[in-house]
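J.:
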Amino acid sequence: MDHIRGEKADLFAVLSEEEENRDWIVFEGGKEMAERRERNSGIELLRILAAMGVIILHYNNAEIGGGLKYAAGYHQLMLQLLQNTAICAVNVFVLISGYFLSRSGRRDCTKPLELIFQVILYGELSLLLQAGMGWEKLSLRHIAGLLLPCNWFILIYSGLYLISPYLNVLLSGLREKDRAEGSWRQRRKLLILLLLLFSFYPSAVDLLQNLAGKDYNGLSTISFYGSQHGYTIVNFALLYLIGAFLRDYEEEGKDRREAGKEEASQGGLLLLFLGNLLLLLLWACFERWRGIPVRESTAWSYCNPLVISEAVLVFRLFKGLKLPTVSAINCLAQAAFSAYLLHPVFLPHLRIREAAALPLPLLLFHVLSCAATLYLLAFFMQLIFSFCTGPVFRALRKKLGERRFLDLESG
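In our numbering, the protein residues as written are 1 to 411.
1) Does DSSP put ARG106 in a helix, a strand or coil?
2) Starting from the C-beta of ALA311, find all residues in its chain whose C-beta is less than 6 Å away, skip the five residues before and the five after it, and write them out in chain order.
3) Output the distance between the C-alpha atoms of LEU347 and MET133, rounded to the nearest integer angstrom.
4) If you drop the 5 nearest sequence neighbours on each side, which residues of the same chain put their C-beta closer than 6 Å to that of ALA131?
5) Would you mind working out which of TYR59, LEU174, GLY73 sits nearest PRO359, comparing C-alpha positions?
6) By Cβ distance, which residues of its chain are closer than 6 Å to ASN235, with the 5 residues on each side in sequence left out?
7) Please report the distance separating the alpha-carbon of HIS366 from that of ALA355.
8) Give the DSSP bridge partners of PHE405, in chain order.
9) CB LEU190 to CB ARG107, shorter than 8 Å?
10) Looking only at its chain, what residues have a beta carbon closer than 7 Å to the beta carbon of ALA299, apart from the 5 residues adjacent to it on each side?
11) Please report the distance separating the alpha-carbon of SER265 from that of GLN83.
12) Starting from ALA311, trace the alpha helix (DSSP H) both ways and give me its first and last residue.
13) Can you list the alpha helix (DSSP H) stretches of 4 or more residues lying completely in the stretch 126–162, in chain order?
14) Spell out a yes or no on whether the stretch 380–388 and the stretch 152–169 are touching, meaning 3 or more CB-CB pairs, one atom from each, closer than 8 Å.
15) Using CA atoms only, rank isn't needed, just tell me which of GLN80, LEU332, ASP248, LEU129 is closest to HIS349.
16) On the premise that SER41 lies in contact with ALA244, defined as a C-beta separation below 8 Å, what is that separation, rounded to the nearest angstrom?
17) Among ASP178, ASP206, VAL205, PHE153, which one has its Cα closest to the Cα of GLU231?
18) Grab me the residues of LEU339's own chain with a C-beta within less than 6 Å of its C-beta, minus the 5 sequence neighbours each way, in chain order.
19) What number of angstroms, rounded off, separates the C-alpha of ASN151 from the C-alpha of GLY182?
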């Protein structure tokens, strides 16, 4: 399963305090977030855990770590539980983007370029490391191939980042109309329509195909070949809009909520999360019972309604933690993107096959320690990358000035 200063928080910024580094928000945080000077450590902690969740997904992935392939019995059941808990990780990142970017019409076009450069650089460095360790053979063809940033998440998110101001224009019109009516009618209708068209229906089509053992090409609302398991701009745009709706819901309900009710709602959210997780686990177990291959699983599709609702519940739980600003958490969160890029290099060499035969507690320890260790390694790599390339991109932005912005705020 391949893979947050003011109202404009940053995504993959390289530890810069400049104004232009505030709006790129999934993995890297700026100095201010959600109209406060301190970043919300609850959201920063969520970003760390979501990045580790991606590592866990790839720990289980048959083509990377192979955990689910090697484990059996209760060991496989535990890995499936971890899989179902972590499967919302990518959706969480995009949902966070919608929450924090939905009030901004200004985008820095150099940010996707910086991100793509990081993908290419990490790819080349990873190849050299693997060749030095004897894991890969070094060739000019391989080196040249890595100059192409073949990373589905990065390219689709970059596209979403650039078109998101136009999505915000749509939302702003609906928001003003609803506020004039004192309702949520227009936004609710849009949300229901989007979920039906691009989550419930395509997931049902995919499940039908799996159960029938037959392809129904052209029946899905997402693509000719089905939902593509949510690896599409359609699913990212849906999650972005859901994040924006959550921002509206929070701001418009703030004056009506009382502290006691807010605390009680956290308990309710936790119960909803556990119920959602149970349903997702049962869905996955049903598919395994029917002999549906993991790679064809609809339970673990990013556009699955239960995976989307899990992301919403997890986001609201962490957003409501009300943690004090924790510098260590905010600092570590800067490495989430590096962790996303680097961990596939090391996972195949962490003796996962042997770990799958260990006693259950030791297997759990191995999964969690692998995720934590690879995240810490990525943190140090992020520091080096920021130190080496930060001055270059700051100089580029200074030279380009206002020309680098896509700005709907100033027209």
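The beta-carbon is built from N, C-alpha and C at its ideal position, and this holds for glycine as well.
As the structure is a prediction and not an experimental result, all values here were calculated from the model.
T.: Taking the structure as given:
1) strand
2) CYS88, ASN91, VAL92, LEU95
3) 14 Å
4) LEU138
5) GLY73
6) TYR302, CYS303
7) 7 Å
8) ASP108
9) no
10) LEU280, TRP283, ALA284, GLU287
11) 26 Å
12) 305–319
13) 140–145
14) no
15) LEU129
16) Their Cβ separation, rounded to whole angstroms, is 23 Å, which puts ALA244 and SER41 out of contact at 8 Å.
17) Just to set this straight, residue 231 is Tyr in the shown sequence, not Glu. Checking every option, the nearest Cα to that of TYR231 belongs to PHE153.
18) The sequence shown places Ala at residue 339, rather than the Leu named in the question. Excluding residues within five positions, the ones whose Cβ falls inside 6 Å are ALA51, TYR375, ALA378.
19) 43 Å
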